[in-house]
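J.: Numbering (our numbering), first residue to last: 1326 to 1413. We treat Cβ as the ideally placed atom computed from N, Cα and C, and that holds for glycine. Quick caveat, the model's predicted, so the values are computed rather than measured.
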């Protein structure tokens, strides 16, 4: 869940802003995410639990992005362009 306390969020936002300025491609975004995950594993110990936590975070971030960004966009496009009627 990305909804952490505001004071913690503020301390991380500056660093995230600096990182995001340089990300220019999907490959670079993937690189940054991979590095963050690997640093987390290095700092917290290479164990099944830690790696499972990382997989859970990645899955949750993906689902949250879909729920908050992609789904509303798709709904907007259905409204603009019409639904697909195959299953109706």
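Which full runs of the alpha helix (DSSP H) of 4+ residues lie inside the region 1327-1400, going along the chain?
T.: 1331-1346, 1351-1369 and 1373-1390
J.: Output the distance between the C-alpha atoms of residue 1386 and residue 1408, rounded to the nearest integer angstrom.
T.: Here residue 1386 corresponds to residue number 61 of the chain shown, with the count starting at 1. Here residue 1408 corresponds to residue number 83 of the chain shown, with the count starting at 1. The straight-line gap from Cα to Cα measures roughly 27 Å.
J.: Rounding to the nearest angstrom, what Cα-Cα distance links residue 1400 and residue 1390 in this structure?
T.: Here the question's residue 1400 lines up with position 75 in the chain shown. Here the question's residue 1390 lines up with position 65 in the chain shown. Their Cα atoms are separated by approximately 15 Å.
J.: Looking only at C-alpha atoms, which of 1326, 1351 and 1378 sits nearest to residue 1363?
T.: Taking the first residue of the chain shown as 1, we reach residue 1363 at position 38. Closest by alpha carbon: 1378.
J.: Could you check the C-alpha separation between residue 1392 and residue 1398 for me, to the nearest Å?
T.: Taking the first residue of the chain shown as position 1, residue 1392 is located at position 67. Taking the first residue of the chain shown as position 1, residue 1398 is located at position 73. Residue 1392 and residue 1398: Cα-Cα distance of roughly 10 Å.
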